[in-house]
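Here's the structure, in structure tokens; my notes come after.
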Amino acid sequence: MGWSITDAGKLEDAALRLRLELAQRIGIGKGMTVIMWVAAKADSLFP
């Protein structure tokens, strides 16, 4: 049994959503949160 690309993608997306939620809860502005999300997504696409 191993990881599939779909499973890894779902896990990565869930982690990004949790990071966004945490950032919003600690008071980072929406613009900065979007920038963080884009940067995190870019890191995952281009390791």
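The sequence shown lines up with residues 25 to 71 when you count with my numbering.
Every residue gets a Cβ at the ideal spot worked out from N, C-alpha and C, and that includes glycine.
Taking Cβ positions, are residue i and residue j nearer each other than 8 Å?
i	j	result
residue 65	residue 44	no
In angstroms, rounded to a whole number, what distance separates the CA positions of residue i and residue j?
i	j	result
residue 47	residue 60	9 Å
residue 62	residue 37	12 Å
residue 31	residue 42	17 Å
residue 35	residue 50	23 Å
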